[in-house]
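In this text, residue positions in the sequence shown follow the numbering used here: the first is 51, and each later residue adds one. What follows is a single structure, written as structure tokens, with notes after it.
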Amino acid sequence: MLKILVLTLGLVAQFSYAKEPIPSAWINAYHKTLTINGEYSYPLVRLQRKRARPVVLLHGLGGNPHHFIDLGTNLYKRGYDVWAFRWTSVNRSLDESGAQTVEELIDIVNRVTKKKVILVGHSLGGMVSKISLYGARKLPSGKWGIDHKSKERMAKRVLGFISIASPNGLGLSASDPIIKFLNFVPDYEIPLIRNLSHIINEGDVEKEMLSLEMMRFFRLTFGNLATNFFTKGLINLRNYERDSYSLSRIMKYGFSPLSKKAKAQFEHWINIEQITSIDEELDYTRIFFQEKNPVPFAYVAAGDDNIAFGEYVIDEAMKHNSPFLFLPRSGHLDTIIGKKVSKVGNFIDKFIKKISRK
């Protein structure tokens, strides 16, 4: 029986490899860790197109650049120079990540490409992007406030921003099961999560193909009920083709720990059921809704999202008269992986082209 199972998996794997368990564009991308001032290191996956518009992708809670295998590849095929960073690799609070990390990453891309950047943030990556764009900084007084010079500096470097399933503080409840689950995201490396960039750089990709096929096979055979139970609000299995490797890839390669300081601030937000600066001087929800967007914004909302509730994301977009894409029957991760990615990529492409003409 075991021999039959192995043989079946081998035959299915051979047939499926033509469907790219890992897209060739991702395998051929530039996988490296960038170090700033010999101190701060940021893992990067760059799908390079010289002279094209650079698009910077910032992942969500517990993620890494490989969260964007689907969306990053889609945007690359549309002609963009894609930069996907792991912004949580430096031990900073969420305030500091917005004030320092995002600005450092934008500066890197500006310096290399000599072009204004399109910034895309998913979930928590969208929140720290907005913190950065609105100019939230630690002031000379030691308190957190809006630094207008920083806000202007970012606006000179960023052409536009797309917020994908990014919470804005509305609907945040410490009693919500999904919030309780997210609170257990570790601040240490997870042994079972493979470093796909390392695998690619070592030339060991072929060894990964069978394991991805096995994960997909067992998900289709045994795992749909369990997946539906544990991931309600995160994914909707209807948004994935039977021969899709999207879920297998993100489960195996797409997660990284949150830094200790960022995790502490996230826990603080849950405890007070509000998103603020760590000293509570800045109410980010108020800023996101009441302050004028410093650059053109666009929003993506998911109808079944239990983290960034779709109706509240749309409320934020409408407050600013900004374009938005609503994805019904979709969870939090369906906005960046699976079948809905083509719609998201098309929406982003149209938004970029529109603001580029101005």
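Glycine included, every Cβ here is placed at the ideal spot set by N, Cα and C.
Check your understanding: Whose C-beta lies closer than 6 Å to the C-beta of residue 275 among residues of the same chain, with five residues either side of it excluded?
Key -> By 1-based counting over the sequence shown, the position of residue 275 is 225. With a pLDDT of 47 at residue 275, under the threshold of 50, the modelled position of this residue cannot be trusted; read the value that follows with caution. Hits under 6 Å: none found.
Check your understanding: Distance, Cα to Cα, residue 211 vs residue 103?
Key -> Here residue 211 refers to the residue found at position 161 of the sequence shown. Here residue 103 refers to the residue found at position 53 of the sequence shown. Answer to the nearest angstrom: the Cα atoms are 13 Å apart.
Practice item. Please look up how many angstroms separate the CB atoms of residue 96 and residue 75, rounded, as I've assumed it's under 8 Å. Key: In the sequence shown, the residue the question calls residue 96 occupies position 46. In the sequence shown, the residue the question calls residue 75 occupies position 25. At roughly 11 Å, the Cβ-Cβ gap does not stay under 8 Å, so residue 96 and residue 75 are not in contact.
Check your understanding: Would you say the segment 319-326 touches the segment 248-257, given that touching needs at least three Cβ pairs under 8 Å?
Key -> As far as the Cβ criterion goes, the segment 319-326 does not touch the segment 248-257, which means the pair count is below three.
Review point. Among the residues of its own chain, which have a CB less than 6 Å from the CB of residue 156, if the five just before and after it don't count?
Key: Here residue 156 corresponds to residue number 106 of the sequence shown, with the count starting at 1. For residue 156, where only same-chain residues beyond five positions count, the Cβ hits under 6 Å are 167, 207.
Exercise for review: Please look up how many angstroms separate the CB atoms of residue 262 and residue 238, rounded, as I've assumed it's under 8 Å.
Suggested key: Within the sequence shown, the letter at position 212 stands for residue 262. Within the sequence shown, the letter at position 188 stands for residue 238. Actually they do not touch by this definition, with Cβ atoms about 25 Å apart.
Check your understanding: Based on Cα-Cα distance, which residue from 266, 77, 363, 92 lies nearest to residue 153?
Key -> Working through the sequence shown from its first residue, we reach residue 153 at position 103. Out of 266, 77, 363, 92, 92 has the C-alpha closest to the C-alpha of residue 153.
Review point. At what residues does the alpha helix (DSSP H) containing residue 203 begin and finish?
Key: Counting from one through the sequence shown, the residue named residue 203 turns up at place 153. Per DSSP, residue 203 belongs to the alpha helix (DSSP H) from 198-207.
Check your understanding: What number of angstroms, rounded off, separates the C-alpha of residue 380 from the C-alpha of residue 289?
Key -> On the sequence shown, residue 380 is found 330 positions in, with the first residue counted as 1. On the sequence shown, residue 289 is found 239 positions in, with the first residue counted as 1. Straight-line Cα distance between these residues: approximately 7 Å.
Check your understanding: For the 8 Å Cβ check, are there 3 or more pairs between the segment 171-189 and the segment 109-121?
Key -> A contact exists between the segment 171-189 and the segment 109-121.
Review point. Could you give the residue range of the beta strand (DSSP E) that holds residue 85?
Key: Here residue 85 refers to the residue found at position 35 when the sequence shown is read from its first residue. It spans 80-86 - the beta strand (DSSP E) in which residue 85 sits, taken as one unbroken run.
Check your understanding: What is the rounded straight-line gap between the Cα of residue 280 and the Cα of residue 347?
Key -> Working through the sequence shown from its first residue, we reach residue 280 at position 230. Working through the sequence shown from its first residue, we reach residue 347 at position 297. Unreliable positioning characterises residue 280 in this predicted model, as indicated by a pLDDT of 48, which lies under 50. The coordinate reading is nonetheless provided below. Near 32 Å, if we compare the C-alpha coordinates of residue 347 and residue 280.
Point to revise | Residue(s) in a DSSP beta bridge with residue 93 | key: As a first step, residue 93 is located in the sequence shown; it is residue number 43 there, counting from the start. According to DSSP, which records beta bridges pairwise, residue 93 is partnered with 83.
Check your understanding: How big is the Cα-Cα spacing for residue 285 and residue 98?
Key -> Translated into the one-based positions of the sequence shown, residue 285 becomes position 235. Translated into the one-based positions of the sequence shown, residue 98 becomes position 48. Going from the Cα of residue 285 to the Cα of residue 98 covers about 30 Å.
**Study point:** Pairwise C-alpha distance: residue 119 and residue 299
**Key:** Numbered from its first residue, the sequence shown carries residue 299 at position 249. Numbered from its first residue, the sequence shown carries residue 119 at position 69. Approximately 8 Å between the Cα atoms of the pair.
Exercise for review: Pull up the distance between the alpha-carbon of residue 196 and that of residue 264, whole angstroms please.
Suggested key: Counting from one through the sequence shown, the residue named residue 196 turns up at place 146. Counting from one through the sequence shown, the residue named residue 264 turns up at place 214. Straight across, the Cα-Cα distance linking residue 196 with residue 264 is about 50 Å.
Practice item. Over the uninterrupted alpha helix (DSSP H) stretch that includes residue 325, give me the two end residues. Key: Taking the first residue of the sequence shown as position 1, residue 325 is located at position 275. Element bounds for residue 325: n/a, residue is neither H nor E.
Check your understanding: Quick one: is residue 354 buried, meaning 16 or more other Cβ sit within 10 Å of its Cβ, or exposed?
Key -> For the purposes of this step, residue 354 is taken as the residue at position 304 of the sequence shown. So residue 354 counts as buried.
Review point. Assuming residue 312 contacts residue 216 under a Cβ cut-off of 8 Å, what Cβ separation, rounded to an integer in Å, is found between them?
Key: Taking the sequence shown and counting its residues from 1, one reaches residue 312 at position 262. Taking the sequence shown and counting its residues from 1, one reaches residue 216 at position 166. At roughly 15 Å, the Cβ-Cβ gap does not stay under 8 Å, so residue 312 and residue 216 are not in contact.
Practice item. Go through its chain and collect everything with a Cβ distance to residue 244's Cβ below 8 Å, but skip five positions before and after it. Key: The residue labelled residue 244 in the question sits at position 194 within the sequence shown. Closer than 8 Å at Cβ, skipping near neighbours: 258, 302, 303.
**Study point:** Three-state class that DSSP yields for residue 235 in the structure shown
**Key:** Position 185 of the sequence shown, counting from 1, holds the residue named residue 235. Reduced to three states, the DSSP call for residue 235 is coil.
Point to revise | Limits of the unbroken beta strand (DSSP E) element including residue 394 | key: Counting from one through the sequence shown, the residue named residue 394 turns up at place 344. In the DSSP annotation of this structure, residue 394 is not part of any beta strand (DSSP E); the continuous alpha helix (DSSP H) holding it starts and ends at 391-406.
Point to revise | Contact the segment 334-352 vs the segment 388-404: 3+ CB pairs below 8 Å | key: In this structure the segment 334-352 lies against the segment 388-404, because at least three pairs of beta carbons, one per stretch, are closer than 8 Å.
Review point. Could you give the distance in angstroms between the alpha-carbon of residue 209 and the alpha-carbon of residue 130?
Key: What you label residue 209 is simply residue 159 of the sequence shown in a count that begins at 1. What you label residue 130 is simply residue 80 of the sequence shown in a count that begins at 1. Rounded to whole angstroms, the separation of the alpha carbons of residue 130 and residue 209 is 14 Å.
Review point. Does the beta-carbon distance from residue 344 to residue 184 come in below 8 Å?
Key: Reading the sequence shown from its first residue, position 294 is the one you call residue 344. Reading the sequence shown from its first residue, position 134 is the one you call residue 184. Closer than 8 Å, so yes.
Check your understanding: Buried or exposed: which applies to residue 448, given that a residue is buried once 16 or more other Cβ atoms fall within 10 Å of its Cβ?
Key -> Outside the modelled stretch of the chain, which goes from 51 to 408, sits residue 448, for which no answer is possible.
Practice item. Just the C-alpha distance for residue 122 and residue 203, rounded to the nearest angstrom, thanks. Key: The residue given as residue 122 occupies position 72 in the sequence shown. The residue given as residue 203 occupies position 153 in the sequence shown. Residue 122 and residue 203 have their alpha carbons spaced roughly 26 Å apart.
Check your understanding: Given that a residue counts as buried once 16 or more other Cβ atoms are within 10 Å of its Cβ, and exposed if not, what is residue 189?
Key -> As a working mapping, residue 189 is identified with position 139 in the sequence shown. Exposure of residue 189 is indicated by the presence of fewer than 16 other C-beta atoms within 10 angstroms of its C-beta.
**Study point:** Three-way DSSP call (helix, strand, coil) for residue 349 in this model
**Key:** The residue given as residue 349 occupies position 299 in the sequence shown. Correct three-state label for residue 349: strand.
Review point. Can residue 182 and residue 149 be called in contact, C-beta distance under 8 Å?
Key: On the sequence shown, residue 182 is found 132 positions in, with the first residue counted as 1. On the sequence shown, residue 149 is found 99 positions in, with the first residue counted as 1. Going by C-beta atoms, residue 182 is nearer than 8 Å to residue 149.
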